Amino acid sequence: MLHSTTIILISFAYLGLLFAIAYYVDQRADAGRPVIASPYIYSLSLAVYATAWTFYGSVGRAASDGVGFLPIYIGPTLMIALWWVVLRKILRISKRNRITSLADFVASRYGKSALLGGLVTVIAVVGILPYISLQLKAVSSSFTILVQYPEIVMPAEVGAAPIREDTALWVALILAAFTIAFGTRHLDAAEHHQGMVAAIAFESVVKLLAFLAVGMFVTFGVYNGFSDVFARAAAEPALRVMLTPLEGVAGGYSNWVWLTILSMMAIMFLPRQFQVAVIENVDEKHLNKAIWLFPLYMLAINVFVLPIAFGGLLRFPDGSVDADTFVLTLPMAEKQELLALLVFIGGLSAATGMVIVETIALSTMVCNDLVMPVLLRLRRLRLNERPDLTGLLLGIRRGAIVLILLLGYLYFKLAGEAYALVSIGLISFAAVAQFGPAILGGIFWKGGTRAGALCGLLAGFAVWLYTLFIPALARSEWLPIGLLEHGPFGIELLRPLQLFGLAGLDQINHAMIWSMIANVGAYVVVSLAASPSADEHRQASLFVDVFRLSGEAGGARFWRGTATVPELYNLLARFLGSAAADSAFAEYASAKGLPWPDQRLVADADLVHYVEVQLAGAIGSASARVMVGSVVKEEALTIDEVREILDEASQVVVYSHRLEQKSHELEAATAELREANERLKELDRLKDEFVSTVTHELRTPLTSIRAFTEILLDDPEVELGQRRNFLGIITKETERLTRLINQVLDLAKIESGKAEWVDSAVDMKEVISDTLAAMDQLFKERSITVEALLPENVSPVTADLDRMIQVMLNLLSNAAKFCDAINGRVEIVLSERDGCLRVDVRDNGRGISPKDQSEIFSKFHQVGGVLTDKPRGSGLGLHISRQIVEHFGGKMWVESDLGRGACFSFLLPTGAATVERVT
Amino acid sequence: MTNFETKGQHFVALCMFGMLLFNYPILALFNVPGTLFGVPVLYAYVFIVWGALIASMAYLAESRG
Numbered sequence: 000m001l002h003s004t005t006i007i008l009i010s011f012a013y014l015g016l017l018f019a020i021a022y023y024v025d026q027r028a029d030a031g032r033p034v035i036a037s038p039y040i041y042s043l044s045l046a047v048y049a050t051a052w053t054f055y056g057s058v059g060r061a062a063s064d065g066v067g068f069l070p071i072y073i074g075p076t077l078m079i080a081l082w083w084v085v086l087r088k089i090l091r092i093s094k095r096n097r098i099t100s101l102a103d104f105v106a107s108r109y110g111k112s113a114l115l116g117g118l119v120t121v122i123a124v125v126g127i128l129p130y131i132s133l134q135l136k137a138v139s140s141s142f143t144i145l146v147q148y149p150e151i152v153m154p155a156e157v158g159a160a161p162i163r164e165d166t167a168l169w170v171a172l173i174l175a176a177f178t179i180a181f182g183t184r185h186l187d188a189a190e191h192h193q194g195m196v197a198a199i200a201f202e203s204v205v206k207l208l209a210f211l212a213v214g215m216f217v218t219f220g221v222y223n224g225f226s227d228v229f230a231r232a233a234a235e236p237a238l239r240v241m242l243t244p245l246e247g248v249a250g251g252y253s254n255w256v257w258l259t260i261l262s263m264m265a266i267m268f269l270p271r272q273f274q275v276a277v278i279e280n281v282d283e284k285h286l287n288k289a290i291w292l293f294p295l296y297m298l299a300i301n302v303f304v305l306p307i308a309f310g311g312l313l314r315f316p317d318g319s320v321d322a323d324t325f326v327l328t329l330p331m332a333e334k335q336e337l338l339a340l341l342v343f344i345g346g347l348s349a350a351t352g353m354v355i356v357e358t359i360a361l362s363t364m365v366c367n368d369l370v371m372p373v374l375l376r377l378r379r380l381r382l383n384e385r386p387d388l389t390g391l392l393l394g395i396r397r398g399a400i401v402l403i404l405l406l407g408y409l410y411f412k413l414a415g416e417a418y419a420l421v422s423i424g425l426i427s428f429a430a431v432a433q434f435g436p437a438i439l440g441g442i443f444w445k446g447g448t449r450a451g452a453l454c455g456l457l458a459g460f461a462v463w464l465y466t467l468f469i470p471a472l473a474r475s476e477w478l479p480i481g482l483l484e485h486g487p488f489g490i491e492l493l494r495p496l497q498l499f500g501l502a503g504l505d506q507i508n509h510a511m512i513w514s515m516i517a518n519v520g521a522y523v524v525v526s527l528a529a530s531p532s533a534d535e536h537r538q539a540s541l542f543v544d545v546f547r548l549s550g551e552a553g554g555a556r557f558w559r560g561t562a563t564v565p566e567l568y569n570l571l572a573r574f575l576g577s578a579a580a581d582s583a584f585a586e587y588a589s590a591k592g593l594p595w596p597d598q599r600l601v602a603d604a605d606l607v608h609y610v611e612v613q614l615a616g617a618i619g620s621a622s623a624r625v626m627v628g629s630v631v632k633e634e635a636l637t638i639d640e641v642r643e644i645l646d647e648a649s650q651v652v653v654y655s656h657r658l659e660q661k662s663h664e665l666e667a668a669t670a671e672l673r674e675a676n677e678r679l680k681e682l683d684r685l686k687d688e689f690v691s692t693v694t695h696e697l698r699t700p701l702t703s704i705r706a707f708t709e710i711l712l713d714d715p716e717v718e719l720g721q722r723r724n725f726l727g728i729i730t731k732e733t734e735r736l737t738r739l740i741n742q743v744l745d746l747a748k749i750e751s752g753k754a755e756w757v758d759s760a761v762d763m764k765e766v767i768s769d770t771l772a773a774m775d776q777l778f779k780e781r782s783i784t785v786e787a788l789l790p791e792n793v794s795p796v797t798a799d800l801d802r803m804i805q806v807m808l809n810l811l812s813n814a815a816k817f818c819d820a821i822n823g824r825v826e827i828v829l830s831e832r833d834g835c836l837r838v839d840v841r842d843n844g845r846g847i848s849p850k851d852q853s854e855i856f857s858k859f860h861q862v863g864g865v866l867t868d869k870p871r872g873s874g875l876g877l878h879i880s881r882q883i884v885e886h887f888g889g890k891m892w893v894e895s896d897l898g899r900g901a902c903f904s905f906l907l908p909t910g911a912a913t914v915e916r917v918t
Numbered sequence: 000m001t002n003f004e005t006k007g008q009h010f011v012a013l014c015m016f017g018m019l020l021f022n023y024p025i026l027a028l029f030n031v032p033g034t035l036f037g038v039p040v041l042y043a044y045v046f047i048v049w050g051a052l053i054a055s056m057a058y059l060a061e062s063r064g
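Listed in order, the protein sequences are those of chains A and B.
Number 859 in numbering that gives the first Met the number 0 belongs to position 860 of the first sequence; there are no gaps in the numbering.
Number 41 in numbering that gives the first Met the number 0 belongs to position 42 of the second sequence; there are no gaps in the numbering.
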């Protein structure tokens, strides 16, 4: 047996815990150590979207039309996919303009219009009342049901309680007190309520866990998993039709689609969603996580809805139990006392979360956009002369919270009983969807004007009142029901539920179609017809181009006038208190590099704009504008001037784009230059290396020549044989020197392009034969066998005859030098294939290692260790040969295995390739 | 084009694709009797597509640029 006192005590304990969390977080924040700056807290706080409606109502809706409840969560998921584009922009705009609420946003966009802000506030308050009443209804009826435990009795059967036992009223009053404690502890210029956000995040965890607990209990405790629940439902003829629910229902798909669109709007424009997603956002980057965590939360809280709905329908087949209460009554029917209590707490957390955030958001709107603009205009009150208005502001907000909750209670009493939870909630959704055109149009379309937004909102709201709000009152017998059946004055065409004869649709669907036609139509047509004022034009640009126009002072360019620093300071102090005003001015002064207070601080456009933005954080942009206007002498800008400034701004943007491009080009050029420089340095290094190698190569023969000549000079007694020997060495070394110098000169000529090339048709066969003949003596001396495989006829190549002989001489003398010392053998093969002549010169020496093969064609590379072998060449021959072959369009390479000799080959193009080169 | 813009376009495309999948006539293809893993086809379809949509959003949101 659950006693009502126990339930009340536990409820209060839960609320106390919430308050403790909020208090702790606020304390931490005041101490400069905020704890809510986390994307996870942000994502969880967004889940304030899931209210008592989700908690109890989803199951109710699912029990009547299956998947029909899902668009309310799928729509937001689709909208959140657009958040990267839409919400990021709204966030940026709001941060830059210190937007404090949804109404403030609309007012600010359309030229800081107080009228528009007021209208949005009225629509929001009236539109949200059903939603708040829904929460009160859910809490009070779940309480009433739980108290009856273990009996299951519907609240309607309990009978009306006397007013002092009316749970809904008590809930409303307790929540009002709680919200006041949470949301209006002090005035914050940024409207951040960190403690509240933390508490809301905590509530989101509680309601999710409670719902998952009951879901698992029903699915796996009462039944044997998902398939069991669905199989049993399929066995009941009455339930089978719900397994394919979109068929048969009139406008099934249309309802689905409109519900999706409606929810897409709701996730953006419900005041509480705007509050947690935009106003309470502390870091734009939190969006990255929220974009998928929040939809995941919605998916998780919906997984068990269908099993619970079917479970309830199977458990209570006679319809005696309201499907909206299945979440609670199923555990009760199974005698799960604790689970039922947990469910109640979960429902309570869902309801309180919604009510707290919604009323804070609405009270801010009522205060900043409805009451303050009126009060400030009433000169009789002399508000302008009051030294401190912070108390007044807080008082208004507290009053607004109490009033809104009492109005919610009133709506609950008037109309609440006639509808299911979901239907009540959808009425509110349809109301806030009216903000869609004005806001989305406002951030993407500069053409939207104040008049357009006003007409659109008014038209949409009027249709909403007529097709949803009035029928709700009529159904609750507060208006004659005949109005619905026969239309006003009996005009059938104007029946609220079948406007202009549009029948066969769901009530919400019907209302959405007409209200959106009216809203969007009026917004667009009037916007196009009316030309915007200077203020509107400026604000439109600041909003639409928020990512292009940079800097918080973007708005400062649009102000011209005179003011004094003390006046501005006093203004800020009146609304924020002198401590906050001091810190705001100190911050501004330090940004200018000045101390505060300081005589040098001038009241220029920047400061005026800064004060206005600070003020907007407390009293809304429209009121802030009026207040700032009261202390400064402002010269109104004409629309042409605003246009000029905007053009200037966009020219600056274009110019800076160009500058950016230029600097990119410069960077690229610098990189190229750096690369070229690196290359030059490398070449320089190579040149130095070349010079030092050449000198080294020259010194070796010189040293030996000098040594032998000195011996001969110093010692005239040297034997004749010895002397001849020495002179022979000297001659050889001199020849080597000459050859080296010739080759260096040759190389220099080739590399510098100054070599003279005498192109003629060269017969390679002849070249090879001539070279072989010239070297015959050398081969014979070393007893080397020479074998030449030359075809009868080969095509001529265009080349320099002497150069080709030089190449052949080089290759053959290398072969002679490096072939086997005892059984030396050199093979020359000439062949022609694919328009190319190929010459192979193969020796049977010890071969060239792979490492040397890649190096052998470079300058001064000599194969063989310095210590073991005496170098037997200049190291330039192959390099020059390759240069010559490449000059004539050919290529030269070497193939070799260690110990098996080496084969030097080159290719020279004949015919076409040559002709081409010559022309 | 900046990374932000590219990413934005990917998100818009994803939203369009989601709208297509959660709409007539694709939805009607799955509005049939029968079960998938013991769950009615339509329910299974909606939850699977929904989950896939969230996974894609997570991938896109957390990916660099």
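C-beta: ideal position from N, C-alpha, C; glycine also.
Note that the structure is a prediction, hence the values are computed from the model and not measured.
Throw me the rounded Cβ distance for the residue i and residue j pair, which I believe falls under 8 Å.
i, j, result
"P470 of chain A", "L457 of chain A", "That pair is no contact at about 20 Å."
"Y72 of chain A", "M297 of chain A", "4 Å"
"L800 of chain A", "S759 of chain A", "6 Å"
Considering only the beta carbon of each residue, do residue i and residue j sit closer than 8 Å?
i, j, result
"H878 of chain A", "S857 of chain A", "yes"
"A46 of chain A", "F293 of chain A", "yes"
"D842 of chain A", "I804 of chain A", "no"
"G407 of chain A", "S132 of chain A", "yes"
"G486 of chain A", "R494 of chain A", "yes"
"L472 of chain A", "L478 of chain A", "yes"
"P372 of chain A", "A113 of chain A", "yes"
"G311 of chain A", "A322 of chain A", "yes"
"Y41 of chain A", "A289 of chain A", "yes"
"A432 of chain A", "F268 of chain A", "yes"
"V326 of chain A", "V146 of chain A", "no"
"V232 of chain A", "L329 of chain A", "A small correction: the amino acid at residue 232 of chain A is Ala; Val does not occupy that position in the sequence shown. Against a cut-off of 8 Å, the Cβ pair of L329 of chain A and A232 of chain A comes out as no contact."
"F10 of chain B", "V84 of chain A", "yes"
"A36 of chain A", "D282 of chain A", "yes"
How would you write the range of the alpha helix (DSSP H) that residue i sits in, first residue to last?
i, result
"L298 of chain A", "H285 to N301"
"L456 of chain A", "R449 to W463"
"A61 of chain A", "S57 to D64"
"T166 of chain A", "T166 to G182"
"R735 of chain A", "L719 to S751"
"R397 of chain A", "T389 to A414"
"V34 of chain A", "It is not in any alpha helix (DSSP H) - V34 of chain A carries neither H nor E in the DSSP assignment."
Can you tell me where the beta strand (DSSP E) holding residue i begins and where it ends?
i, result
"F956 of chain A", "No answer is possible for residue 956 of chain A: it lies beyond the span of chain A, which begins at 0 and ends at 918."
"R87 of chain A", "Unbroken run through R87 of chain A is the alpha helix (DSSP H), V85 to N96; no beta strand (DSSP E)."
"K890 of chain A", "K890 to S895"
"L906 of chain A", "A901 to P908"
"S319 of chain A", "Here S319 of chain A belongs to no beta strand (DSSP E), and DSSP marks it neither H nor E."
"D842 of chain A", "C835 to D842"
"L829 of chain A", "R824 to R832"
In chain order, each alpha helix (DSSP H) run of at least 4 residues that lies wholly inside the segment 490-555 of chain A: 506-528 and 533-543
Near-chain A residues of the segment 51-63 of chain B - C-beta to any C-beta below 9 Å: L52, I53, A54, S55, M56, A57, Y58, L59, A60 and E61
Continuous alpha helix (DSSP H) assignments of at least 4 residues falling wholly in the segment 207-248 of chain A: 225-234 and 236-239
The segment 275-298 of chain A: positions lying closer than 7 Å to chain B by Cβ: N287, I290, W291, P294, L295 and L298
Whole beta strand (DSSP E) elements within the segment 762-793 of chain A, 3-residue minimum: 784-788
Chain B contacts made by the segment 679-710 of chain A, where a contact means CB separation under 9 Å: none
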